[in-house]
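In the UniProt record's numbering, the protein residues as written are 1 to 336.
Ideal placement from N, C-alpha and C gives every residue a C-beta, glycine not left out.
Here is the structure we will look at, set down as structure tokens.
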Ligand SMILES: Nc1ncnc2c1ncn2[C@@H]1O[C@H](COP(=O)(O)OP(=O)(O)O)[C@@H](O)[C@H]1O
Ligand SMILES: [Mg+2]
């Protein structure tokens, strides 16, 4: 069904021995009184697709632009291929490619003209233009004007412009936002191919599926902080073992919310039920996350009987990546 399939790695990335091509340490950005990126640390390994996943406002763009040298960090630093983005920006620019927003392209030029123009900006060697555009599935658009391209074609042209100088690292900020499903899949294929050709890719997205399909590792961001960083396989397998039990309690002290003193005591006791790993109270429901659904369910029912609690709307389900995000942040990844 999906044309974008993650192929088995042909080069050894993912092992802890893989070389870090990007180092981010204590990276911080403040606007007025707000700290929007809060001292984050991570490495991007050479040859991987590194996904920054988080809701709008999480700090993904700010983080990427500090690494690209487009915004100055207020604290901390980023290094790309060993070059500090604050003091060695010219060197950084040689090794990175940044996908421009499609809206900032010159509309009246043809695809070939704009690509030539971008290539002319570099003193270093650039790649042959026609094969590059063909590889971006724009071979039949060489003489077409930019303004007549579809959204997906513009995004692919923006990637072509970003890699015309053959950079080692490519930054793609929400590359498929606003595209239809077919155009998204075409773009996914291109991103995977770039990785297979040896490029390192830093990609931001607020789409869970995109991160799961493309990223070798996902850095989950929220409110300027990293909430989790792992391979999708590890994130997903850690979830696969988890189930959720949801229920409500009749109005009263326990239903008042997790902050209420008696609810806090209740939460402490629910936590002692066999298999229960954590407890949440949200939208007037209690949620028990468990490794052992049957045992926890039996334990909960026995507990409720013993305490005289009348459980209502009791249901069980498998936890999802969305649950992980909610567990870690208390919020949903999706747009509210
Ligand atoms: N130039 C700016 N001035 C003030 N606030 C900004 C600026 N750029 C970003 N922000 C704020 O920083 C936060 C993170 O923004 P951003 O990095 O764009 O998040 P994301 O890309 O994850 O949606 C948001 O709250 C945003 O409003
Ligand atoms: Mg953004």
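Problem set entry | Residues near residue 8 by beta carbon distance below 6 Å, same chain, minus five either side | One-based indexing of the chain shown puts residue 8 at position 8. At residue 8 the pLDDT is 43, less than 50, meaning the model places this residue with poor confidence; the figure from the coordinates comes in the next sentence. Contacts found: none.
Exercise. Going by the C-beta, is residue 189 closer than 7 Å to any heavy atom of ligand 2?
Worked result: For the purposes of this step, residue 189 is taken as residue 189 along the chain shown, with counting starting at 1. No, the Cβ of residue 189 stays beyond 7 Å of every heavy atom of ligand 2.
Problem set entry | Segment limits, beta strand (DSSP E) that includes residue 243 | For the purposes of this step, residue 243 is taken as the residue at position 243 of the chain shown. Unbroken beta strand (DSSP E) run through residue 243: 243 to 248.
For this session: Measure from the alpha carbon of residue 203 to the alpha carbon of each residue in 142, 96, 131 and 266, then state which is nearest.
Result: In the chain shown, the residue the question calls residue 203 occupies position 203. Among 142, 96, 131 and 266, the Cα nearest to that of residue 203 belongs to 96.
Problem set entry | residue 64 in three-state terms, based on DSSP | As a position in the chain shown, residue 64 is number 64, starting the count at 1. Looking at residue 64 - three-state DSSP - the assignment turns out to be helix.
Exercise. If you scan the stretch 39 to 89 from start to end, which runs of the alpha helix (DSSP H) of 4 or more residues do you find wholly inside it?
Worked result: Every alpha helix (DSSP H) of 4 residues or more that sits fully in the stretch 39 to 89 is shown, in chain order, as 60 to 68.
For this session: Along the alpha helix (DSSP H) that carries residue 221, what are the first and last residues, could you check?
Result: If you number the chain shown from 1, residue 221 lands on position 221. Run containing residue 221: none in the alpha helix (DSSP H); it sits in the beta strand (DSSP E), 217 to 222.
For this session: Let me have the residue list for ligand 1: C-beta closer than 5 Å to any non-hydrogen atom, ordered along the chain.
Result: 31, 36, 56, 57, 58, 59, 60, 61 and 62
Problem set entry | Straight-line gap, residue 251 to residue 192 (C-alpha atoms, nearest Å) | Here residue 251 refers to the residue found at position 251 when the chain shown is read from its first residue. Here residue 192 refers to the residue found at position 192 when the chain shown is read from its first residue. Each residue's Cα considered, the two are about 52 Å apart.
Exercise. In three-state terms, what does DSSP make of residue 139?
Worked result: Numbered from 1 along the chain shown, position 139 holds the residue referred to as residue 139. DSSP places residue 139 in helix when its eight states are reduced to three.
Exercise. Given that a residue counts as buried once 16 or more other Cβ atoms are within 10 Å of its Cβ, and exposed if not, what is residue 206?
Worked result: Along the chain shown, read from residue 1 onward, the residue named residue 206 stands at position 206. So residue 206 ends up on the buried side.
For this session: Rounded to whole angstroms, what's the CA-CA distance from residue 120 to residue 52? Just pull it up for me.
Result: By 1-based counting over the chain shown, the position of residue 120 is 120. By 1-based counting over the chain shown, the position of residue 52 is 52. Cα to Cα, residue 120 sits roughly 31 Å from residue 52.
Exercise. Would residue 272 be called buried (16 or more neighbouring beta carbons within 10 Å of its own) or exposed?
Worked result: The residue you call residue 272 lines up with position 272 of the chain shown. Exposed.
For this session: Output the distance between the C-alpha atoms of residue 183 and residue 324, rounded to the nearest integer angstrom.
Result: For the purposes of this step, residue 183 is taken as the residue at position 183 of the chain shown. For the purposes of this step, residue 324 is taken as the residue at position 324 of the chain shown. Approximately 29 Å between the Cα atoms of the pair.
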